[in-house]
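For reference, the structure is listed below as structure tokens.
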Ligand SMILES: Nc1ncnc2c1ncn2[C@@H]1O[C@H](COP(=O)(O)OP(=O)(O)O)[C@@H](O)[C@H]1O
Ligand SMILES: [Mg+2]
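Residue numbers (our numbering): 7 to 365.
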């Protein structure tokens, strides 16, 4: 799977751009605020159907313009695919695959798999469990569409249950009516927990390998999936979770929301035996976040037989030169897009970016 070319019209600070890529390493070089990250964002958008920045679609359109456009040509194993996104100030965006508009984002997912890394991905290791759930969800969804739909189903059931808890007025009424949501909740929670656990065990050995590699054999990383349902992931999962939901019902009624479930899941990360979130140095945390991303590459390759594309935003300024070199070597396994502010020793197709233009 390779991105062969990209076309932008009124996307961010790009008025018009047409560019062809190398199927190995592509390097975007330029000073700050020239549009390097914007290029990665446009590629990412075509893979996932949204930005890696949490922004409104309208903000993507170049200031002063009414409409914006991204077109991405892909070479897949047996066919070529064109993905297009059309943004408008007044309408919802449309996404087209080979000129046919898709009905839902799920139709785009998996067309082209991507792994994105930037310094702010440190939040994956350091910040709230939500970041780690997002990491699991984006990865699993890319190779498992059923999971993608499962998540939105879970979200809806949870919202309904929480609405009942908040608006019912009496605990008795909740007790009488909550069963229908609980049954649906435990079933979906079970499937999601199962997939997340499977995912974590599949990337664990790759993460270990990547961390070992990047740290020159000094650091041993371990991952542990932590289920927020409060019960063991065995054949009695649904029964036990349903019981626990019942047990917590009075508490949840007072809180006005559901206190257990896969929406409370987390991923514990240990480095040389201690929790990296609380005890790792900044550099170690950064390397762990990167290892997780490199592990994604390998696990997707194991699952699909193809490497996803790799987007690396500004990562080199943050790593020591040894880790930089090792990362670069790793990056040659797949088509990679790298941004940086100076040329360094990166070999690849070089694009100089200045004020929304390639010069
Ligand atoms: N919708 C937009 N229209 C025009 N310019 C934009 C828009 N959104 C962001 N920009 C500009 O893009 C530039 C940032 O681009 P970015 O890709 O983040 O830079 P960098 O090269 O540092 O990665 C900023 O100058 C910002 O003002
Ligand atoms: Mg940038």
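Each residue gets a CB set at the ideal place from its N, CA and C atoms; glycine is no exception.
Legend entry - Cβ pair count under 8 angstroms reaching 3, the stretch 151-158 against the stretch 194-201: With the cut-off at 8 angstroms, the stretch 151-158 and the stretch 194-201 touch.
Inset, instruction - Locate the alpha helix (DSSP H) running through residue 224, then write down its first and last residues. - result: Counting from one through the chain shown, the residue named residue 224 turns up at place 218. Residue 224: not part of any alpha helix (DSSP H); DSSP gives it neither H nor E.
Inset, instruction - Kindly indicate the opening and closing residues of the beta strand (DSSP E) around residue 3. - result: Residue numbering for the chain in the displayed model covers 7 to 365; residue 3 lies beyond these limits and cannot be assessed.
Inset, instruction - Consider the C-beta atom of residue 42 and the heavy atoms of ligand 1; say whether any pair is separated by less than 7 angstroms. - result: Locating residue 42 in the chain shown gives position 36, where the first residue counts as 1. Checking the 7 angstroms criterion, the Cβ of residue 42 is within range of a heavy atom belonging to ligand 1.
Inset, instruction - Report the residue from 14, 8, 21 and 303 whose alpha carbon sits nearest the alpha carbon of residue 361. - result: Here residue 361 refers to the residue found at position 355 of the chain shown. Measuring from the Cα of residue 361, the nearest candidate turns out to be 21.
Inset, instruction - Would you give the residue range spanned by the beta strand (DSSP E) that residue 12 belongs to? - result: In the chain shown, counting from the first residue as 1, residue 12 sits at position 6. It spans 8-17 - the beta strand (DSSP E) in which residue 12 sits, taken as one unbroken run.
Inset, instruction - Would you decide whether residue 314 is buried or exposed? Buried here means 16 or more other CB atoms lie within 10 Å of its CB. - result: As a position in the chain shown, residue 314 is number 308, starting the count at 1. Buried, by the Cβ-count rule.
Inset, instruction - Would you tell me roughly how many angstroms separate the C-alpha atoms of residue 359 and residue 294, rounded to the nearest one? - result: For the purposes of this step, residue 359 is identified with residue 353 of the chain shown, where counting begins at 1. For the purposes of this step, residue 294 is identified with residue 288 of the chain shown, where counting begins at 1. Answer to the nearest angstrom: the Cα atoms are 30 angstroms apart.
Inset, instruction - Please say whether residue 24 and residue 63 have beta carbons closer to each other than 8 angstroms? - result: Locating residue 63 in the chain shown gives position 57, where the first residue counts as 1. Locating residue 24 in the chain shown gives position 18, where the first residue counts as 1. The Cβ atoms of residue 63 and residue 24 do not sit closer than 8 angstroms to each other.
Inset, instruction - Return helix, strand or coil for residue 285, following the three-state DSSP convention. - result: For the purposes of this step, residue 285 is taken as the residue at position 279 of the chain shown. Shown here, residue 285 sits in a helix according to DSSP, grouped into three states.
Inset, instruction - Would you mind sorting residue 271 into buried or exposed? The rule is 16 or more other CB atoms within 10 Å of its CB. - result: Counting from one through the chain shown, the residue named residue 271 turns up at place 265. By the neighbour-count rule (16 or more Cβ atoms within 10 Å), residue 271 is buried.
Inset, instruction - Can you give me the Cβ contacts of residue 29 inside the same chain, cut-off strictly under 7 angstroms, excluding the 5 residues immediately before and after it? - result: The residue you call residue 29 lines up with position 23 of the chain shown. Excluding residues within five positions, the ones whose Cβ falls inside 7 angstroms are 8 and 341.
Legend entry - N- and C-terminal bounds of the alpha helix (DSSP H) containing residue 384: Lying outside 7 to 365, the shown extent of the chain, residue 384 is not represented and no answer is given.
Legend entry - Alpha-carbon spacing of residue 288 relative to residue 330, whole angstroms: Locating residue 288 in the chain shown gives position 282, where the first residue counts as 1. Locating residue 330 in the chain shown gives position 324, where the first residue counts as 1. A direct Cα-to-Cα measurement between residue 288 and residue 330 gives close to 16 angstroms.
Legend entry - Length of the line joining the Cα atoms of residue 111 and residue 118: Numbered from its first residue, the chain shown carries residue 111 at position 105. Numbered from its first residue, the chain shown carries residue 118 at position 112. Straight-line Cα distance between these residues: approximately 13 angstroms.
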